[in-house]
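Structure, as structure tokens:
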Amino acid sequence: MYAVVRSGGKQYRVEEGTQLTVAKLAGQAGDKVTLSDILFVADNEAIKAGPAALKGARITAEIIGHSKGPKIDVLRYKNKTRQRKTRGHRQDETTIKILKIEGLH
């Protein structure tokens with residue numbers, strides 16, 4: 003059984019036991035979270051998509067830990083004036099493990 007879930011503006015294909023890194027979620031390591039924005043669920047027998055068909059479906063995940071993504075360097079430059087400004091950014095991320103996909107039947 004697998005599902006497509008939206009988290010942090012991105013879509014992920016997940017199965018039970020899958021570990022993935024998503025945009026930062028509230029909670030500490032070891033906490034359980036419920037992902038409610040499910041777009042698609044499929045198993046060997048049935049496929050369900052759309053909000054009406056997935057009304058009772060939910061995905062339970064456990065937070066493994068928090069980290070930061072790769073560094074992105076931002077450069078602001080104005081020509082002929084020796085004006086330069088450099089700035090770095092690292093996005094906060096959360097690693098989660100999918101425990102259970104339920105509500106298909």
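First residue of the sequence shown? That's 3 in the numbering used here, and the numbers climb one at a time after it.
For every residue, glycine included, the Cβ atom is placed at its ideal position computed from N, Cα and C.
Fair warning: this is a prediction, and the values are worked out from it, not measured in the lab.
A residue is called buried once 16 or more other Cβ atoms fall within 10 Å of its Cβ, and I61 is buried on that count.
Under the 10 Å beta carbon count, L37 is surrounded by 16 or more other beta carbons and is classified as buried.
Listed in chain order, the non-local C-beta contacts of E17 below 6 Å within the same chain comprise Y4, local neighbours out to five positions each way being set aside. When the five nearest sequence neighbours on each side are left out, the beta carbons in the same chain lying within less than 8 Å of the beta carbon of D39 are those of V7, R8 and S9, in order along the chain.
Take L77, set aside five residues on each side of it, and the residues of its chain with a beta-carbon closer than 6 Å to its own are T88, in chain order. Secondary structure at K80: strand, using DSSP grouped into helix, strand and coil.
For S69, the closest alpha carbon among the candidates D75, G90, N46 and E95 is that of E95. Counting the other CB atoms within 10 Å of its CB gives I98 a total of 16 or more, which places it among the buried residues. Residue range R60 to K70 is occupied by the beta strand (DSSP E) that includes R60.
According to DSSP, Q85 shares a beta bridge with K80. I74 counts as exposed, since fewer than 16 other beta carbons sit within 10 angstroms of its beta carbon.
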